[in-house]
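Chains as they are written, first to last, in my numbering: chain A, 2 to 268; chain B, 2 to 355. Every residue gets a Cβ at the ideal spot worked out from N, C-alpha and C, and that includes glycine. None of these values were measured; they are calculated from a predicted model.
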Amino acid sequence: MFRALQITFGIAIVIFLLMPIFAILPLAFTSSVFLNYPIPAYSMRWMHELTTADVWRTSIVNSLIIGSGATVLATVLGTLASLGMRKGALPMVSLLRTLFLLPMVVPAVVLGVGMQIFLVRLGLASTYLGVTIAHSVLCIPFVIVSVSAALQGIDPSIERAASSLGAPPVTVFRRVTLPLAIPGVVSGAIFAFATSLDEVVLTLFVAGPNQRTLARQMFSSIRENINPTVAAAALLLIIGTLCLGGLAALLRWRQKRSALMTAPSAI
Amino acid sequence: MRPFIQFESVSKAFGSVTVVNALDLAIEKGEFVSLLGPSGSGKTTILMMLAGFERPTQGAIYLDGKRIDHLPPYRRQMGVVFQNYALFPHMSVAENVAFPLEMQRVPRAEIAERVERALDMVKLKHLKDRRPSQLSGGQQQRIALTRALVFEPSVILMDEPLGALDKQLREHMQLEIRELHKRLGLTIVFVTHDQSEALTMSDRIAVFNAGRIEQIDDPQVIYDTPRTRFVAEFIGETNLIEAKVASVDNHVAHLSLGAGLSARAHAGNGLSAGQTASFSLRPERIRLGAAPEGSNALDMTIADCIYHGDHMRVQLTHDDFSLVARCERLAGNWTIGASVVASFDPSDCTVLTQ
Chain A
2 MFRALQITFG IAIVIFLLMP IFAILPLAFT SSVFLNYPIP AYSMRWMHEL
52 TTADVWRTSI VNSLIIGSGA TVLATVLGTL ASLGMRKGAL PMVSLLRTLF
102 LLPMVVPAVV LGVGMQIFLV RLGLASTYLG VTIAHSVLCI PFVIVSVSAA
152 LQGIDPSIER AASSLGAPPV TVFRRVTLPL AIPGVVSGAI FAFATSLDEV
202 VLTLFVAGPN QRTLARQMFS SIRENINPTV AAAALLLIIG TLCLGGLAAL
252 LRWRQKRSAL MTAPSAI
Chain B
2 MRPFIQFESV SKAFGSVTVV NALDLAIEKG EFVSLLGPSG SGKTTILMML
52 AGFERPTQGA IYLDGKRIDH LPPYRRQMGV VFQNYALFPH MSVAENVAFP
102 LEMQRVPRAE IAERVERALD MVKLKHLKDR RPSQLSGGQQ QRIALTRALV
152 FEPSVILMDE PLGALDKQLR EHMQLEIREL HKRLGLTIVF VTHDQSEALT
202 MSDRIAVFNA GRIEQIDDPQ VIYDTPRTRF VAEFIGETNL IEAKVASVDN
252 HVAHLSLGAG LSARAHAGNG LSAGQTASFS LRPERIRLGA APEGSNALDM
302 TIADCIYHGD HMRVQLTHDD FSLVARCERL AGNWTIGASV VASFDPSDCT
352 VLTQ
């Protein structure tokens with residue numbers, strides 16, 4: 002009886018979370034010009050619009066450019082930060098860690114205003130570099146969380162062994178630490194890319210008309226001329242995010258499996 | 002001429018806690034020395050200082066006449082075997098063993114040949130393409146040992162390498178390591194908290210307590226004539242006897258044990274009449290039944306008898322004086338409550354300092 006309740010409640014929550022997504026997706030294939038039900042007939046015209054109309058196409062390309070840039074920047078900086086905080090050589094590591102994770106909790110509006118003022122001073126407002134930097138600030142915490150967890154899983158005596166066998170510190174890092182941490186680095190990069198992909202608020206503040214990302218374009222198209230292209234764009238974003246999420250889950254599964262297998266077994 | 006490995010008044014403190022206190026230790030080439038002690042006695046810290054993972058707070062460490070305590074681990078040429086093996090999980094067995102040779106820039110063809118030969122030595126050549134995670138604990142231990150041996154380091158350091166293995170495998174590996182030590186003439190420093198492991202494997206044992214060496218000697222001397230109370234109790238089992246020295250003549254001390262009992266013991270230096278001292282008497286040195294000529298004989302009562310399969314442990318009392326004896330078997334008419342004569346040689350009763 003209680004178990005049945007549990008299951009029912011679980012299913013209800015899942016439906017609640019997924020319903021909005023399922024509600025919008027069929028509208029990507031409507032033949033009508035309005036973003037509402039009922040759907041008179043199915044058609045590919047809005048998918049076509051999404052891939053041919055200039056504003057939409059450039060916004061997709063922009064998203065990919067800025068997303069890749071932010072991912073590379075955040076992954077490199079986040080990995081370096083995790084390595085630095087790991088050895089315990091730095092004072093006040095826990096304070097530093099909290100600081101690095103702050104962009105996750107600070108309201109994006111606050112960050113956006115500050116970032117705009119800052120980037121204008123540097124002459125980077127409304128440039129690709131500026132938007133990339135702004136996005137990477139948001140992405141770095143995800144990389145740090147993921148890479149730190151991976152580094153924590155490495156037994157320090159493995160690195161000590163490498164060192165005692167004649168490997169100088171750089172070689173220990175290249176041959177032992179990095180290969181063992183790479184699943185964490187990759188899954189951090191995936192989260193970074195996904196974060197950049199759906200970022201709107203910061204983009205509103207720091208991007209000029211030339212750097213409109215897909216998410217930003219959806220936001221304005223809802224306000225200006227609402228039509229089912231938004232639904233088509235949403236479908237594209239969801240498929241992209243699902244692929245990235247699937248990749249991250251696969252990596253995590255492999256990491257867990259190899260962690261289980263490296264635990265020394267008796268006999 | 003300095004000994005091969007020398008610790009010269011080495012101290013190590015973590016914050017305000019002193020873990021190793023003014024240690025002097027000399028190890029000769031080809032020796033198998035065990036560092037034995039309870040956890041927290043500083044033995045692992047000493048090994049880590051020798052390997053280069055910790056720096057002494059004070060003092061100097063020499064290897065082959067050269068001072069090494071300022072050198073990083075990768076310049077010390079020591080093979081370290083860790084308790085959890087510390088194999089590289091992302092490399093195959095052969096790659097693991099090849100790693101130290103690659104670090105020494107040995108030519109590729111020679112690496113392959115030496116890896117092959119090393120794996121052959123531990124009879125694990127057929128596993129060379131496996132990952133460490135696909136091996137059993139004993140096999141992983143052998144690979145870790147092979148990896149530490151393959152680059153012919155001057156010293157092998159082992160940090161409780163057999164702790165994670167079950168009893169049977171552990172005893173097997175003890176023999177295997179001992180055999181390798183003899184065959185290859187290795188210098189081995191072996192950290193353990195298992196006294197029987199130290200007794201069976203070592204040329205010499207250093208017993209540690211609270212950052213100091215209590216006694217360093219060959220296993221038999223450590224066992225037969227422990228110098229301190231700590232060593233007597235930590236290694237094997239013993240009867241600790243507090244006794245008053247009645248008189249000393251000709252290196253024989255006459256003791257009064259209390260409860261009207263008296264015995265003779267071999268007296269060390271500095272024992273004088275009237276003083277109270279502690280003595281150690283191993284349970285297996287006590288005989289029950291007729292006392293041979295020249296031995297101590299005490300009239301005791303059997304208080305309890307515990308069966309251990311290959312031996313019996315017999316609790317003996319006389320008023321408030323009690324002893325534990327260990328014997329192979331009891332004669333049939335000795336039951337609990339029976340009177341018996343317990344005898345031991347004066348030389349088996351050793352005086353302990355402090």
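Interface flag for glycine 167 (chain A) against chain B is set, since a Cβ pair is found closer than 7 Å.
Contact between aspartate 300 (chain B) and serine 340 (chain B) is confirmed by a C-beta separation of about 7 Å, below the 8 Å threshold. Contact holds between the stretch 4 to 18 of chain B and the stretch 36 to 51 of chain B, because three or more Cβ pairs, one in each stretch, are under 8 Å apart. As the crow flies, the alpha-carbon of valine 325 (chain B) is around 35 Å from that of methionine 159 (chain B).
Chain order gives the chain A residues near proline 74 (chain B) as Arg161, Ser164, Ser165, where near means a beta carbon separation below 8 Å.
When A:Ser165, A:Ser32, A:Val201, A:Thr133 are compared, the shortest CA-CA separation from methionine 48 (chain A) is found for A:Ser32. Here DSSP, grouped into helix, strand and coil, assigns lysine 13 (chain B) to strand. DSSP lists B:Glu9 as the beta-bridge partner residues of alanine 61 (chain B). In this structure the stretch 196 to 212 of chain B lies against the stretch 35 to 45 of chain B, because at least three pairs of beta carbons, one per stretch, are closer than 8 Å.
For the stretch 128 to 153 of chain A, the set of residues with a beta-carbon nearer than 9 Å to any beta-carbon of chain B is empty. Residue burial is scored here from C-beta neighbours: methionine 2 (chain B) has fewer than 16 other C-beta atoms within 10 angstroms and is therefore classed as exposed. At a Cβ-Cβ threshold of 7 Å, valine 144 (chain A) and alanine 216 (chain A) do not count as neighbours. Isoleucine 8 (chain A) has its alpha-carbon roughly 56 Å from the corresponding atom of histidine 309 (chain B). At least one CB of chain B lies nearer than 7 Å to the CB of serine 158 (chain A).
Per the coordinates, the alpha-carbon of aspartate 320 (chain B) lies some 6 Å from the alpha-carbon of alanine 260 (chain B). For valine 187 (chain A) and alanine 249 (chain A), the gap between their C-alpha atoms comes out near 8 Å. Taking CB atoms only, proline 92 (chain A) has no neighbour in chain B less than 7 Å away. Exposure of histidine 252 (chain B) is indicated by the presence of fewer than 16 other C-beta atoms within 10 angstroms of its C-beta. When B:Ser248, B:Gly295, B:Arg148, B:Leu289 are compared, the shortest CA-CA separation from glycine 275 (chain B) is found for B:Ser248. Taking C-beta separations shorter than 8 Å and ignoring five residues to either side along the sequence, the partners of arginine 314 (chain B) in its chain run Pro284, Cys306, Ile307, Val325, Ala326, Arg327, following chain order. Here serine 95 (chain A) is not near threonine 214 (chain A), since their CB atoms are 7 Å or more apart. Within chain B, no residue has its beta carbon less than 7 Å from that of valine 187 (chain A); the closest one is some 14 Å off.
Residue burial annotation: threonine 99 (chain A) is exposed, with fewer than 16 other C-beta atoms found within 10 angstroms of its C-beta. With a cutoff of 7 Å on beta-carbon distance, proline 101 (chain B) and phenylalanine 152 (chain B) are scored as near each other. Taking 7 Å as the threshold, the shortest C-beta distance from proline 180 (chain A) to chain B falls below it. The Cβ-Cβ distance between valine 177 (chain A) and threonine 80 (chain A) does not fall below 7 Å. Taken in chain order, the members of the stretch 79 to 91 of chain B whose beta-carbon sits within less than 9 Å of a beta-carbon on chain A are Met79, Gly80, Val81, Val82, Phe83, Gln84, Asn85, Tyr86, Ala87, Leu88, Phe89, Pro90, His91. The three-state reading of DSSP puts glycine 113 (chain A) in helix, counting H, G and I together. Taking CB atoms only, proline 57 (chain B) has no neighbour in chain A less than 7 Å away.
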